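As given, the protein sequences belong to chains U and C, one line each in that order. Numbering of the first sequence is given in UniProt numbering, commencing with residue 1 and proceeding in unit increments. Numbering of the second sequence is given in UniProt numbering, commencing with residue 1 and proceeding in unit increments. Built from N, CA and C at the ideal position, the CB exists for glycine as well. Since this is a predicted model, take the numbers as computed values, not measurements. Worksheet: one structure, shown below.
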Amino acid sequence: MSKMRYSRRMVLKGGVATVAATALPAPMVWAQDIKNITLRQFGTGVSNLNDVAKKVKEDLGFTLEMTALDSDSVTQRAATQPDSFDIADIEYWICKKVWPTGNLQAMDTSKIKNYDKIVGIFRSGKLTPESVIAQGTAPHSVGFVDGPDGTSFAKEETGWMTLIPTIYNADTLGIRPDLIGRPIESWAELLNPEFKGKASILDISSIGIMDMAMVCEAMGEIKYADKGNMTREEIDKTIGIFTEAKKAGQFRAFWKTFDESVNLMASGEVVIQSMWSPAITAVKSRGIPCVYQPLKEGYRSWGGGIGLSKSLTGLPLDAAYEYINWYLSGWVGGYLMRQGYYSAVPETSKEFMTADEWGYWFEGKAATGDITSPTGDKLAGAGDTRDGGDFYERMGRVACWNAVMDENQYMVRKWNEFIAA
Amino acid sequence: MSEGVSEAVAPKAAWRPGNDLTGWLQAAPLTLILLAFLLAPIAMIVVVSFWGATEFSIYPDFQFDNYAFLFGSEVTYRVFLATFKYAFITWAFTLAIGFTVAYFLAFHIRSQPIQIALFLVCTIPFWTSNIIRMISWIPFLGRNGIANQTLIDWGLIDQPLEWLLYSDFSVILAFVHLYTLFMVVPIFNTMVRIDRALLEAARDNGASGLQTLVHVILPLTKPGIMIGTIFVVTLVMGDFITVRFMSGSQRANVGRLISNDIGLLQYPSAAATAVVLLLTVLIVIGILLRFVNIRKEL
Chain U
1 MSKMRYSRRM VLKGGVATVA ATALPAPMVW AQDIKNITLR QFGTGVSNLN DVAKKVKEDL
61 GFTLEMTALD SDSVTQRAAT QPDSFDIADI EYWICKKVWP TGNLQAMDTS KIKNYDKIVG
121 IFRSGKLTPE SVIAQGTAPH SVGFVDGPDG TSFAKEETGW MTLIPTIYNA DTLGIRPDLI
181 GRPIESWAEL LNPEFKGKAS ILDISSIGIM DMAMVCEAMG EIKYADKGNM TREEIDKTIG
241 IFTEAKKAGQ FRAFWKTFDE SVNLMASGEV VIQSMWSPAI TAVKSRGIPC VYQPLKEGYR
301 SWGGGIGLSK SLTGLPLDAA YEYINWYLSG WVGGYLMRQG YYSAVPETSK EFMTADEWGY
361 WFEGKAATGD ITSPTGDKLA GAGDTRDGGD FYERMGRVAC WNAVMDENQY MVRKWNEFIA
421 A
Chain C
1 MSEGVSEAVA PKAAWRPGND LTGWLQAAPL TLILLAFLLA PIAMIVVVSF WGATEFSIYP
61 DFQFDNYAFL FGSEVTYRVF LATFKYAFIT WAFTLAIGFT VAYFLAFHIR SQPIQIALFL
121 VCTIPFWTSN IIRMISWIPF LGRNGIANQT LIDWGLIDQP LEWLLYSDFS VILAFVHLYT
181 LFMVVPIFNT MVRIDRALLE AARDNGASGL QTLVHVILPL TKPGIMIGTI FVVTLVMGDF
241 ITVRFMSGSQ RANVGRLISN DIGLLQYPSA AATAVVLLLT VLIVIGILLR FVNIRKEL
């Protein structure tokens, strides 16, 4: 099988592998074999884009089948049906749950061309050498294992990665500046009685509890040892505070889907709520002012990556590595960054973005012309700047990562009670 | 009693192998369908309700944990109470509206073509999907919605009414809107079959309009009312999506407990809740049927 790998490189990297290829069979073998390969990828909607599958067919020749599911189903499938997929596009906290089942295989970083250029968050855990690592399931803490068959996560870079990082962002509260009319600086404002009946939080327990924790800590009510791994007492207290607020009529509604969050904000039912970056864009594109407000306590962040199924071997495995290398080579990164997410290897993405796009999305500079999404919708005009500033300003102020707690089942039950209260 | 005896004896007397086989064959399709699509799934739900669950899988077991947690939580009782509350209030409104509409159609419209035309008019909202009819209330009732804007324009209120949307009010409004037709149809159906001679007789005997309504029409439409009641009560008690959308996820009924559990892959716990809900609804229907013997009166 290894000869295939060399000939493949010849096809895909041209000159680089020519030397190796001269000693090996013609590249045609690979070129024909690869067309018959189909890799089955599944994951959440954010990065499961048909445009990516199309581009893979164009650039690499093989077929990528995409299935988009919600994060609960993704977790379940990765954990229980290892033969139903080749590539899992999952979040890091899901990886923490799924890795112990042994359904994924560690990846050899020496085969990842741009490994050295991957941002520090996913390797040492530090964005810059002086960064403090945030609470929760920080990606690097579940990003490495000891060896190809490692079952427990390693503390530092080992050369064997669980997920190859692909997409990540920093989340905060969305606000309607026109209806609030004063600066908002803290997560605590979500429960400020001033916004009684005009606040909302998302009804997805694993993320909602983190937003709650950010609020409770900002209010000075609770000091968490680790917001990403609360004790039962901390869960009780956090949910207690929010249940009280709910009974007092603080919340207008809870939202579960992206569209609901957009409608609540756009219609003015809600003026402050947990929100996701593209939802802010969707509200703005209707001509309604909406700000992804940076807050002094920092952001709640999340990251996703692709993992390989244990049952992937031989030629398809080689194709998967090729796919990963292609993924990090810039085209996808540029595509994702133009939606407001970040790419794991920003410098390669830069080549696939205009100087203005790069300045707006990454460097936090004012746009010089119209900024459009990959699908052509106008997102910002000349003079606009991105909420929160440049990449280092935003990702450098992460307070916690999406996480899965040891007390997850208890938390879920408590969450159900909160919704029913 | 005598009926039961004669039934038990009769087949024995007329026993012939061919006859028996034909009977079995004739009953088989329905029996098989009911077994496969009704009894088997319910049996499965009951079985799974005793299973255990980890975060992402379920495993066969025989434990009472799911039920213990369900009955041990104060939230369960509150949610069941809320479910009954929704069912009862919705029932009262749909009955009042449904009965009035059916009465008007059956007794005030003399021409049959117009009767049928008006009856079809009632079904027009059903040409669109349930969800759309429900969601279209949201912009109407919202803080800056048509209802509030109109009331402010008329000078009736200064501030938008907050309770119009994402409240018990909006949930029940949507239920009544969605399910009134289920009350109209069976009541109308029984009303048109009332012998007009009975109404004339009541009148001839000096009964007032109200007395005719209460003592003649109402008792004779009881089967229709009961069928409508069963429709509305079971639909409301089993609903989860109306409650979720119209309350902005702020309120809960039993259906939402089940759907939350399913979303979090807690199938055994969802199954246990479903079993309890099923029994509750069966008991409610059992009680309803004590009032009216539908079969006899149809």
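Please determine, among U/R77, U/W276 and U/W187, the residue with the shortest C-alpha to C-alpha distance to U/D171. For the purposes of this step, residue 171 of chain U is taken as the residue at position 171 of the first sequence. U/W276 is the residue among U/R77, U/W276 and U/W187 whose C-alpha sits nearest the C-alpha of U/D171.
Sort U/E130, U/T128, U/T63 and U/V46 by Cα distance to U/I90 and report the nearest one. Start at 1 with the first residue of the first sequence, and residue 90 of chain U comes out as number 90. Sorting U/E130, U/T128, U/T63 and U/V46 by C-alpha distance to the C-alpha of U/I90 places U/V46 at the top.
One question on the structure: do U/L328 and U/N169 come within less than 8 Å of each other, judged by their Cβ atoms? For this step, residue 328 of chain U is matched to residue 328 along the first sequence. For this step, residue 169 of chain U is matched to residue 169 along the first sequence. No; because the gap between Cβ atoms is not below 8 Å, this pair is not in contact.
Buried or exposed: U/E244, going by 16 or more other Cβ atoms within 10 Å of its Cβ? Residue numbering aside, residue 244 of chain U sits at position 244 when the first sequence is read from its first letter. With fewer than 16 other CB atoms across the displayed protein chains lying within 10 angstroms of its CB, U/E244 is exposed.
Relative to the alpha-carbon of U/V271, which residue among U/P278, U/Y292 and U/T257 has its alpha-carbon at the smallest distance? One-based indexing of the first sequence puts residue 271 of chain U at position 271. Selected option, being the one with the closest Cα: U/Y292.
Roughly how many angstroms separate the alpha carbons of U/L173 and U/K256, rounded to a whole number? To locate residue 173 of chain U, count along the first sequence from 1; it is residue 173. To locate residue 256 of chain U, count along the first sequence from 1; it is residue 256. Rounded to whole angstroms, U/L173 and U/K256 show a C-alpha spacing of 15 Å.
Neighbourhood of C/V176 by C-beta, 8 Å cutoff - its chain only, sequence neighbours within 5 removed: The count along the second sequence starts at 1 and reaches residue 176 of chain C at position 176. The residues are T90, F93, T94 and I97.
Pull up the DSSP beta-bridge partners for C/C122, would you. In the second sequence, the residue the question calls residue 122 of chain C occupies position 122. Partner(s): none; C/C122 has no beta bridge.
Does C/D239 pass the burial test, meaning 16 or more other C-beta atoms within 10 Å, or should it be called exposed? As a first step, residue 239 of chain C must be located in the second sequence, where it is residue number 239. It counts as buried.
Neighbour-count burial assignment, U/T22, 16 or more Cβ in a 10 Å radius: Taking the first residue of the first sequence as 1, we reach residue 22 of chain U at position 22. Residue placement at U/T22 is poorly supported in this model, since its pLDDT is 42, which falls under 50; the coordinates are not used for a value here.
Could you check which residue in U/S205, U/G340, U/E260 and U/A282 has the C-alpha nearest to that of U/E407? As a position in the first sequence, residue 407 of chain U is number 407, starting the count at 1. That would be U/S205, whose Cα lies nearest to the Cα of U/E407.
C/Y166 - containing alpha helix (DSSP H), residue span: Counted from its first residue, the second sequence places residue 166 of chain C at position 166. First-last for C/Y166: undefined, no H or E at that position.
Does the region 231-249 of chain U come close enough to the region 206-218 of chain U that 3 or more CB-CB pairs lie under 8 Å? Here the region 206-218 of chain U lies against the region 231-249 of chain U, with 3 or more beta-carbon pairs under 8 Å apart.
Would residue 422 of chain U pass as a contact of U/A366 if the rule is Cβ separation under 8 Å? Lying before the first or after the last residue shown, residue 422 of chain U is absent from chain U, which here runs from 1 to 421.
Are the beta-carbon atoms of U/I34 and U/S71 separated by less than 8 Å? Position 34 of the first sequence, counting from 1, holds the residue named residue 34 of chain U. Position 71 of the first sequence, counting from 1, holds the residue named residue 71 of chain U. Going by C-beta atoms, U/I34 is not nearer than 8 Å to U/S71.
CB contact flag (U/I201, U/F251, <8 Å): If you number the first sequence from 1, residue 201 of chain U lands on position 201. If you number the first sequence from 1, residue 251 of chain U lands on position 251. A contact, by the Cβ cut-off of 8 Å.
Using a Cβ-Cβ distance under 8 Å, would U/D318 count as near chain C? As a first step, residue 318 of chain U is located in the first sequence; it is residue number 318 there, counting from the start. Using a CB distance cut-off of 8 Å, U/D318 does not count as an interface residue toward chain C.
Three-state secondary structure (DSSP) at U/G143? Counting from 1 along the first sequence, the entry for residue 143 of chain U is found at position 143. Residue state for U/G143 is assigned as coil, using DSSP reduced to three classes.
Does the region 365-381 of chain U come within contact of the region 394-407 of chain U, defined as at least 3 CB pairs closer than 8 Å? The region 365-381 of chain U, when compared against the region 394-407 of chain U, does not touch it at the 8 Å Cβ threshold.
Span separating the alpha-carbon of C/L235 from that of C/T128: Looking up residue 235 of chain C in the second sequence gives position 235. Looking up residue 128 of chain C in the second sequence gives position 128. Each residue's alpha carbon lies about 18 Å from the other.
Simplified DSSP assignment, three categories, for U/M28: Indexing the first sequence from 1 puts residue 28 of chain U at position 28. Residue placement at U/M28 is flagged as unreliable, the pLDDT there being 44, under the threshold of 50; a coordinate-derived value is accordingly withheld.
Is DSSP giving C/G286 helix, strand or coil here? Taking the second sequence and counting its residues from 1, the one referred to as residue 286 of chain C is at position 286. Helix at C/G286.
If you measure from the beta carbon of U/A199 to each beta carbon in chain C, is any gap under 8 Å? Here the question's residue 199 of chain U lines up with position 199 in the first sequence. Taking Cβ atoms only, chain C never reaches closer than 8 Å to U/A199, which makes this a no.
Which residue marks the beginning of the beta strand (DSSP E) containing U/N416, and which one marks its end? Along the first sequence, one-based indexing puts residue 416 of chain U at 416. Counting along the chain, U/N416 falls outside any beta strand (DSSP E), though it belongs to the alpha helix (DSSP H) covering N408 to A420.
Could you tell me the distance, in whole angstroms, from the CA atom of residue 427 of chain U to the CA atom of U/L163? Lying outside 1 to 421, the shown extent of chain U, residue 427 of chain U is not represented and no answer is given.
Does the region 74-81 of chain U come into contact with the region 99-106 of chain U, if we say contact requires no fewer than three beta-carbon pairs (one atom in each stretch) closer than 8 Å? Contact holds: three or more Cβ-Cβ distances are below 8 Å.
Identified DSSP bridge partners for U/V291: Position 291 of the first sequence, counted from the first residue, corresponds to residue 291 of chain U. Its beta-bridge partners are U/I175.
List the residues of chain C whose Cβ lies closer than 8 Å to the Cβ of U/K296, in chain order. Within the first sequence, numbered from 1, the residue matching residue 296 of chain U stands at position 296. U/K296 does not reach chain C, its nearest Cβ partner there being about 29 Å away, counting only Cβ pairs nearer than 8 Å.
Do C/M183 and C/G228 come within 8 Å of each other at the CB atom, strictly closer than that value? Taking the second sequence and counting its residues from 1, one reaches residue 228 of chain C at position 228. Taking the second sequence and counting its residues from 1, one reaches residue 183 of chain C at position 183. Contact flag set, yes.
If I follow the unbroken beta strand (DSSP E) through U/Y299, where does it start and stop? Here residue 299 of chain U is taken as the residue at index 299 of the first sequence, counted from 1. Y299 to S309 is the extent of the beta strand (DSSP E) around U/Y299.
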